[in-house]
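Below is one structure, written out as structure tokens; the observations come after it.
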Amino acid sequence: MKILVLLILILALIPRAWAAPADDVLIVVNNASADSIAVGKYYQERRNVPINQIVYINTTTGIDITCDNYFNQIELPVRTFLDANGLKSKILYIVTTYGIPYKGCYSVDSRLSDLYNVTEWQGYGTENPYRRIYYTTYSNGNHMGGVHFSNAYGIYLVTWLDGPTPEIAKGLIDKAMYAEKYLGTSATGYMAGQPYLVDSINVVCASITKSGRSCVSDSGHAGGPNAAWHNGGGNDYENVWNWMPGALAAHFQSFTASTTIRNTTGPKVVPAMLAAGVTATWGAVDEPYAPFVPQPVAYYDYFLNGGFNFAESMYMSTYLLEWMSVIIGDPLYTLPASASIDNEKPAIANASFVWDSNNLIVSWDNTHSNTGSPEITEGAVEYGLTASYGSIKWDTSNLTYWSATKRNYFSRHNITIAGLDSSKTYYVRINATDPAGNSETYAFSTDGAPANDTTPPTVTLTSPINSLMQKSKSVIFTCSATDNVAISNITLYGNWKGAWHANETKSTGSSASFSKTIADGSYIWNCLAYDNSSNSQFAASDYSCAIDSTPPALTFVPPTPVNNSVSNNLALISITASETLASAILEWNRTQNLTMANAGPKWSYMITSVPTGNCTFKVFANDTAGNWNATEERTFYLRQMYAHNFTIKDKFGKPIPDSIVSLYDKSGASIQNFKINLSAQSKVLDLDDTYSVAFSVPTGEMLYLNNINISANATLDPEFVNSSELPSLTQARSEIIAFNASGIVFDYAQITLPVNGTVNKILHCTDWEFTKASCNSWDSKDLSAYPYRLNATHIVFNVTVFDAYLGGYYEAPLDAPAPIVTGGGGGSFAAISASSITITPNNEITKIQVYLKTSISNALISATDLLSVPVPPPNGTVYRYFNISAKNFNDSIVNNVTIEFKVSKRYILEKNITSIYLSRYTGDKWIRLITELKEADREYNNYIAYSAGFSYFAIVEEMPVLQAAADPATPQPREVVKPNISSAPTEEIRIIAAEPPEKSSNSSTILASAGFFFITAICTIIRRNRSRKKEYAIKELKKKVEC
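Every position in the sequence shown, counted from 1, becomes a number in this note's numbering once 121 is added.
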């Protein structure tokens, strides 16, 4: 196969426009791995991530994990941590670390990216909502312009800090941060193509040339100096490159990370590249198929030309989540707008040596001489028995891929020189050279101290995990410590004997365990470590633990059957406990274990559909510490009551002799498919194409029906649409469902009422006349008055009597005054928990929802027509201008705003409009907002747009643009400018607190009010539509073009 190689000379870098703040990062570390914790804490310190944004999980330290263990040991703890700390919407990036499994259930980072399951499984992973790339990208470069990442996409950008050793994993951070300042025009790219990649590489070359850089084809180049950008093929790594700090390199190949990233030997591509000095890369843990891996034509364009960070560039270039790609590197790594020149010598700090038998270990840190921050260098030690030295040893932390001319860069060096004689004095000189060629040396002999050690140890609390709750009073506390020289001792501190005090001290190398017996209670603990220079340090924060060895006391509460009692048809078993329970199990008839449900202080289970006879039951429950207890066992008689000798009749009084019967409607037409199963305990009535059904039993007989479920799939009966019997109803939206339940006893019946269009009223008739099929009086109620469940086609609700029911739509007159929701205290409202604000103004604007960061009170929002249009106007034809403004709060506490509006279908057709969007004025220009078609009814198209705050807005019409169209499911760029625009006094809509929507963030506030009456359901559940139904290109998939 002929390989085309392109030499890309990077002559200039586009200025970096944006960088993710470090407080948007969550770091995941493994409690079972001190190396994982060390890598995570190093990243936290270097990037200044808040210390409380490290989540400690407990899982295996291997590379493989089963799907069940992934969910229980990784996904669930991370999601719980985000929810418990209010970080779900704040976090954008998740960093996983060395020592955590990364494959086995697809790629772990790819699974974590869709932590809240906002995407749908497609057979090949789930579609990435942040992607800016499509199937044909790898052959024709069809990817869209980049968009900076935000929480609007509902996912996280997850990357690994990993490698063959923990030092290499830490080095990814140091090299990325060095490149962010100094990586400039000396960086060179080497691109090798495979047959289906040649077009992509040509597109990369054309993009770079267009942006003012040079792109030179070199089909014979096999490697070279100053390598920074590389794409190649083949499973094995060829050690021919001299990697610059900041190098982004990968092979477009299957299985490149299938064995282990943490491989210290062998030529596998991903570990070999990391060991040889690459800063960022990706690999495949299994066969990924070519269309579904990060596409180099896209990620190099975004990273080199667009000012996007590493994580953004990789995820915009990846079609699928929950698939095979593992992405390795610092997610925040971003090229500099303009590279600085590094002419500063590295400083050598904390130099030390220690003898390990006849092996001399020399260690030191490199720092920037003017700032003291870590600096990366190549490291070497000259040594000998005289001041002329005579021998040299390089830092071989890049393992088998080291050579005299190809070395990795680190901020800390540990060089072991074996085979010396510790009884002799050696002369030693440290050599440190940074990537720009600046060097520094430091000389000493082994008969004296090399330097004054002032660096304290780093302490990690390993076990038990933070916030542990356990029933055993025996606890083993384990801590570890690292130091630039050596650890002298570790002391356990705690407060289980009263005040905070030292419990026990152990002289140790790097880890110490302390076995203690502790009484019930809640405690805190930590460890203090000393090094050989008397520098000391506690772990960064205390851990807590609680001991609870007392089982919970369990008590039966009514209406639980008492011993030797009788219950008819069903039994509700309920208990309460003396403390919080983790679970409760009902043992039924000594043969079944049934999980009880928790509601407040009670745990309950409803027993139904069991034969008549004696029953026994007992409840077992455990508290959060794992202590189990049980109630006494009870016995009672459960009696089932069934009908006998009864007749079911139709609405005309005609007996129904069979379980499959024919009924007749008002006109005499046959009603098909009416079924009732008389032998089952749960009666189910299925009605097709009916408007009413009646059944009864003879006088004096009783029919007990439990769990009645009645459903109807009926079309709209025109006879009732404009009936005079339905006053004030704009339109009937369902069949009339009527029942006569004479002689029937039941607890409740569940009715499934099919609807046609928007419904906001349920009409209830209590005097339905079956012979006339009419109602003398309808009682109109809002849907909010009924317990219900609502979907696009049906309303489900419970009734306690059989009457007649009808779903309808009521539209308030357009000139009706807007209802004002007011509160006490002269309009002053108490502070409310943060969720969202929802108002419904007038005309085309149908709903506004505001997500807030903090609690507010006495909030006011006004929405009015905009009479004076700002200059310049937005591009396109404006359908309508309006202004939304707020009082007593501003955009600084707004997370985002969603605006729903409608446009007449007739207008769209008459004007031949193909695109509608919302535009926002930012003080000097109009910015197009993400706008999606939400739904359409008979008269209107209903849209939803996303904004960062309030301002002037315009509904804009646009003709189609002749270019590659965006996938409508793909979120568009969000504007981020938040102007403080004051407007003229307007009529205000006062808003007050209401219940938060089901899918609202924990860090938002909901308030509701209405202008014109717009209700889409009984109680609309506000949620983001995550459904993405893009069909796959089946032919492409069948080809399964492997990498």
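A virtual CB, placed ideally from N, CA and C, is assigned to each residue, including glycine.
As assigned by DSSP and simplified to three states, the class of M717: In the sequence shown, counting from the first residue as 1, residue 717 sits at position 596. Here M717 sits in coil by DSSP.
D156 lies in the alpha helix (DSSP H); which residues open and close that run? As a position in the sequence shown, residue 156 is number 35, starting the count at 1. Unbroken alpha helix (DSSP H) run through D156: A155 to R168.
Taking DSSP's pairing of strands, which residues face T603 in a bridge? Mapped onto the sequence shown, residue 603 falls at position 482. DSSP, once it has assigned bridges, lists T579 as partnering T603.
Let me know if H622 comes out buried or exposed under the rule of 16 or more other beta-carbons within 10 Å of its beta-carbon. Counting from 1 along the sequence shown, the entry for residue 622 is found at position 501. H622 is exposed by the Cβ-count criterion.
Suppose you measure from the CA of E1031 to the CA of S1025; what does that come to, to the nearest Å? Translated into positions along the sequence shown, residue 1031 becomes position 910. Translated into positions along the sequence shown, residue 1025 becomes position 904. Cα-Cα distance, rounded: 10 Å.
Quick one: using the 10 Å Cβ neighbour count with 16 as the cut-off for buried, is G1044 buried or exposed? For this step, residue 1044 is matched to residue 923 along the sequence shown. That one is exposed.
Have a look at L442 and G266 and give me their C-alpha separation to the nearest angstrom. Here residue 442 is taken as the residue at index 321 of the sequence shown, counted from 1. Here residue 266 is taken as the residue at index 145 of the sequence shown, counted from 1. Roughly 20 Å between the two C-alpha positions.
Enumerate in chain order the residues of its own chain whose CB-to-CB distance from Y219 is below 6 Å, with the five nearest sequence positions on each side excluded. On the sequence shown, position 98 is the one that residue 219 refers to. Only D156, S157, V160, D283, P287 and A290 meet the Cβ criterion.
Check whether the region 683 to 692 and the region 711 to 719 are in contact - that is, three or more C-beta pairs closer than 8 Å. no
For a cutoff of 8 Å on Cβ pairs, would you count E465 as touching chain B? Absence of chain B from the displayed structure is noted, only one protein chain being present.
According to DSSP, is K1023 helix, strand or coil? For the purposes of this step, residue 1023 is taken as the residue at position 902 of the sequence shown. Note: K1023 maps to strand in three-state DSSP.
Residues that T985 bridges to, as DSSP identifies them: Counted from its first residue, the sequence shown places residue 985 at position 864. Its beta-bridge partners are N1004.
Alpha-carbon to alpha-carbon, A1066 and S976: Residue numbering aside, residue 976 sits at position 855 when the sequence shown is read from its first letter. Residue numbering aside, residue 1066 sits at position 945 when the sequence shown is read from its first letter. Cα to Cα, S976 sits roughly 24 Å from A1066.
Answer with buried or exposed for P993, where buried requires no fewer than 16 other C-beta atoms within 10 angstroms of its C-beta. Translated into positions along the sequence shown, residue 993 becomes position 872. Under this definition P993 is an exposed residue.
DSSP on Y208, reduced to helix/strand/coil? The residue labelled residue 208 in the question sits at position 87 within the sequence shown. One point to set straight first is that residue 208 is Leu, not Tyr, in the sequence displayed. Residue state, collapsed to three classes: coil.
Three-state secondary structure (DSSP) at A980? Here the question's residue 980 lines up with position 859 in the sequence shown. Residue state, collapsed to three classes: coil.
Quick check: what's the CA-CA separation for W364 versus G398? One-based indexing of the sequence shown puts residue 364 at position 243. One-based indexing of the sequence shown puts residue 398 at position 277. Roughly 6 Å between the two C-alpha positions.
D807 to E708 span [Cα, whole Å]: Taking the first residue of the sequence shown as position 1, residue 807 is located at position 686. Taking the first residue of the sequence shown as position 1, residue 708 is located at position 587. Reliability of the predicted coordinates at D807 is poor, the pLDDT of 39 falling under 50, and no value is obtained from them.
Determine the direct distance from the alpha carbon of W646 to that of T599, and round the result to whole angstroms. As a working note, residue 599 is residue 478 in the sequence shown. As a working note, residue 646 is residue 525 in the sequence shown. Cα-Cα distance, rounded: 11 Å.
Please determine if the region 485 to 499 and the region 269 to 282 are in contact, where contact requires at least 3 C-beta pairs separated by less than 8 Å. no
Would a C-beta distance cut-off of 8 Å place S461 and Y614 closer than the cut-off? Here residue 461 corresponds to residue number 340 of the sequence shown, with the count starting at 1. Here residue 614 corresponds to residue number 493 of the sequence shown, with the count starting at 1. The answer is no: Cβ separation not under 8 Å.
N616 to S634 span [Cα, whole Å]: In the sequence shown, the residue the question calls residue 616 occupies position 495. In the sequence shown, the residue the question calls residue 634 occupies position 513. Each residue's Cα considered, the two are about 17 Å apart.
Would you check if the region 590 to 609 and the region 650 to 665 touch, i.e. whether three or more CB-CB distances between them fall below 8 Å? yes
Residue environment, T967, which counts as buried when at least 16 other CB atoms sit within 10 Å: For this step, residue 967 is matched to residue 846 along the sequence shown. Buried, because 16 or more other Cβ atoms sit within 10 Å of the Cβ of T967.
When A370, N384 and Q416 are compared against T400, the one with the closest alpha-carbon: On the sequence shown, position 279 is the one that residue 400 refers to. The candidate whose alpha carbon is nearest that of T400 is A370.
Is W403 closer than 8 Å to S1167 when the C-beta atoms are compared? The requested residue 1167 is not part of the displayed model; the chain covers only 122 to 1164.
Where does the unbroken beta strand (DSSP E) through E503 begin, and where does it stop? Taking the first residue of the sequence shown as 1, we reach residue 503 at position 382. It spans E499 to G505 - the beta strand (DSSP E) in which E503 sits, taken as one unbroken run.
Over what stretch of residues does the alpha helix (DSSP H) that includes L293 continue unbroken? Reading the sequence shown from its first residue, position 172 is the one you call residue 293. It spans P287 to Y303 - the alpha helix (DSSP H) in which L293 sits, taken as one unbroken run.
Reducing DSSP to helix, strand and coil, say where T201 ends up. By 1-based counting over the sequence shown, the position of residue 201 is 80. Three-state result, T201: helix.
Would E1021 and Y972 qualify as a contact pair, given that the criterion is a beta-carbon distance under 8 Å? Residue mapping note: residue 1021 aligns to position 900 of the sequence shown, counting from 1. Residue mapping note: residue 972 aligns to position 851 of the sequence shown, counting from 1. Not a contact, by the Cβ cut-off of 8 Å.
Any idea what DSSP makes of K592, helix, strand or coil? Residue 592 sits at position 471 when you count from the first residue of the sequence shown. Coil at K592, not helix or strand.
Would you tell me roughly how many angstroms separate the C-alpha atoms of I969 and S643, rounded to the nearest one? Taking the first residue of the sequence shown as position 1, residue 969 is located at position 848. Taking the first residue of the sequence shown as position 1, residue 643 is located at position 522. Going by the C-alpha atoms only, they are around 47 Å apart.
Indicate the three-state DSSP secondary structure (helix, strand or coil) for P1167 in the structure shown. Limits of the chain in this structure are 122 at one end and 1164 at the other, which puts residue 1167 out of reach.
Classification of P680 by the beta-carbon crowding that lies within 10 angstroms, buried from 16 upward: Indexing the sequence shown from 1 puts residue 680 at position 559. When all chains shown are included, P680 counts as exposed.
Nearest-angstrom Cα distance between T498 and T180? As a first step, residue 498 is located in the sequence shown; it is residue number 377 there, counting from the start. As a first step, residue 180 is located in the sequence shown; it is residue number 59 there, counting from the start. Cα to Cα, the separation comes out at about 34 Å.
Should T752 and L675 be called a contact, given that it needs their Cβ atoms to be closer than 8 Å? Residue mapping note: residue 752 aligns to position 631 of the sequence shown, counting from 1. Residue mapping note: residue 675 aligns to position 554 of the sequence shown, counting from 1. For T752 and L675, yes; Cβs fall inside 8 Å.
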